[in-house]
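A.B. asks:
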Amino acid sequence: MKKVLTIILAIALCFSIIGCGAKEKQIEKAEFDSVTMVDDFEVTVNKDILTATQLNGDQDQYEEFLTTDMTNYGDTVLCDITIMAKQDNTMVVVSYSLKNIGKNNSKFDEKIVLNYNNGYEYEAEEKYYAMGSNDAWHSFTSLEIKPLTTVSCKAKFTVPKEVMENAEAPLKLTIANKEYTIR
Numbered sequence: 443m444k445k446v447l448t449i450i451l452a453i454a455l456c457f458s459i460i461g462c463g464a465k466e467k468q469i470e471k472a473e474f475d476s477v478t479m480v481d482d483f484e485v486t487v488n489k490d491i492l493t494a495t496q497l498n499g500d501q502d503q504y505e506e507f508l509t510t511d512m513t514n515y516g517d518t519v520l521c522d523i524t525i526m527a528k529q530d531n532t533m534v535v536v537s538y539s540l541k542n543i544g545k546n547n548s549k550f551d552e553k554i555v556l557n558y559n560n561g562y563e564y565e566a567e568e569k570y571y572a573m574g575s576n577d578a579w580h581s582f583t584s585l586e587i588k589p590l591t592t593v594s595c596k597a598k599f600t601v602p603k604e605v606m607e608n609a610e611a612p613l614k615l616t617i618a619n620k621e622y623t624i625r
């Protein structure tokens with residue numbers, strides 16, 4: 443009787459360990475500018491990652507910095523305010539899009555993290571979304587998206603300058619369980 447009870451408890455313990463491990467998401471490699479799946483969402487991350495230590499502009503222009511393709515930004519904005527990253531830090535902005543392909547409204551509240559040198563993690567401190575090209579940008583922590591709707595998003599980080607300047611150290615971006623190699 444004791445042997446049977448021991449075997450039953452051992453089997454129950456094995457199933458409980460397997461059940462706990464199944465809840466953890468495996469990190470999967472992903473490519474920039476390609477569609478990946480996270481729950482009910484198609485996620486596409488733009489390969490162009492913006493960096494700056496300062497930006498001239500008022501609050502609207504600062505938000506525009508977070509939410510605009512900076513490729514041709516240049517010095518075209520006349521301004522009266524300079525926004526600076528903290529001393530020895532750099533601002534990093536990542537662009538991505540989300541499309542809800544589920545049949546119901548779905549929430550996207552996944553972490554977005556920069557992983558520098560295999561262990562230094564920086565979580566996005568600001569996230570923005572816009573429903574269309576003419577829509578205003580809105581800050582979010584958890585975003586509910588209707589079925590078959592695509593939104594443009596940006597995530598902003600403040601990291602030490604070394605993170606972007608040290609080209610020898612690996613740098614990866616993780617959105618949910620998808621990992622993008624920056625270098």
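Residues in the sequence shown are numbered from 443 upward in steps of one, following our numbering. Don't be surprised by glycine CBs; every beta carbon is placed ideally from N, CA and C. All figures in this text were calculated on a predicted structure; none of them were measured in a lab.
(1) So, for serine 537: in the same chain, excluding its five sequence neighbours on each side, which residues have a beta-carbon less than 6 Å away from its beta-carbon?
(2) When the Cα atoms are used, what is the spatial distance from tryptophan 579 to glutamate 567?
(3) Quick one: what does DSSP say methionine 573 is sitting in, helix, strand or coil?
(4) Within 10 angstroms of the Cβ of isoleucine 491, are there 16 or more other Cβ atoms? Answer buried if so, exposed if not.
(5) Please report the straight-line C-alpha distance between asparagine 531 and serine 539, rounded to a whole angstrom.
(6) Can you list, in chain order, the residues of its chain with a C-beta nearer than 8 Å to that of phenylalanine 474? Leave out the 5 residues immediately preceding and following it.
(7) What separation, rounded to the nearest whole angstrom, lies between the Cα atoms of lysine 471 and aspartate 577?
(8) Rounded to whole angstroms, what's the CA-CA distance from methionine 405 to lysine 603? Just pull it up for me.
(9) Consult DSSP for isoleucine 617 and reduce its assignment to one of helix, strand or coil.
(10) Please list, in chain order, all residues of the same chain as valine 477 whose beta carbon is under 6 Å from its beta carbon, the five residues on each side excluded.
(11) Give, in chain order, every unbroken run of the beta strand (DSSP E) that is at least 3 residues long and sits entirely within the segment 533-557.
(12) State the DSSP-derived secondary structure class of isoleucine 491, mapped to helix, strand or coil.
(13) Leaving out five residues before and five after glutamate 552 in sequence, what residues of the same chain have Cβ atoms less than 7 Å from its Cβ?
(14) Quick check: what's the CA-CA separation for alanine 494 versus lysine 598?
(15) Measure the CB-CB distance between aspartate 482 and asparagine 542 and report whether it falls below 7 Å.
C.D. replies: On the basis of the supplied data:
(1) In the sequence shown, counting from the first residue as 1, residue 537 sits at position 95. Excluding positions up to five away in sequence, the list reads Asn488 and Lys596.
(2) Here the question's residue 579 lines up with position 137 in the sequence shown. Here the question's residue 567 lines up with position 125 in the sequence shown. Going by the C-alpha atoms only, they are around 16 Å apart.
(3) For the purposes of this step, residue 573 is identified with residue 131 of the sequence shown, where counting begins at 1. DSSP, reduced to helix, strand and coil, places methionine 573 outside both helices and strands of the structure shown, so it counts as coil.
(4) Numbered from its first residue, the sequence shown carries residue 491 at position 49. Label assigned to isoleucine 491: buried.
(5) Taking the sequence shown and counting its residues from 1, the one referred to as residue 531 is at position 89. Taking the sequence shown and counting its residues from 1, the one referred to as residue 539 is at position 97. So the two alpha carbons sit approximately 26 Å from each other.
(6) What you label residue 474 is simply residue 32 of the sequence shown in a count that begins at 1. The answer, listed in chain order, is Val487, Asn488, Lys489 and Tyr622.
(7) For the purposes of this step, residue 471 is taken as the residue at position 29 of the sequence shown. For the purposes of this step, residue 577 is taken as the residue at position 135 of the sequence shown. Straight-line Cα distance between these residues: approximately 32 Å.
(8) A query on residue 405 cannot be resolved here, the shown segment of the chain reaching from 443 to 625 and no further.
(9) The residue labelled residue 617 in the question sits at position 175 within the sequence shown. Three-state DSSP puts isoleucine 617 in a strand.
(10) Residue mapping note: residue 477 aligns to position 35 of the sequence shown, counting from 1. For valine 477, where only same-chain residues beyond five positions count, the Cβ hits under 6 Å are Glu484 and Thr486.
(11) 548-550
(12) Counting from 1 along the sequence shown, the entry for residue 491 is found at position 49. In this structure, isoleucine 491 counts as coil in the three-state DSSP scheme.
(13) Position 110 of the sequence shown, counting from 1, holds the residue named residue 552. Excluding sequence neighbours, glutamate 552 sits near Val480, Ile617 and Ala618.
(14) On the sequence shown, residue 494 is found 52 positions in, with the first residue counted as 1. On the sequence shown, residue 598 is found 156 positions in, with the first residue counted as 1. Whole-angstrom Cα-Cα distance: 11 Å.
(15) Position 40 of the sequence shown holds residue 482. Position 100 of the sequence shown holds residue 542. Remark: C-beta atoms of aspartate 482 and asparagine 542 approach each other more closely than 7 Å.
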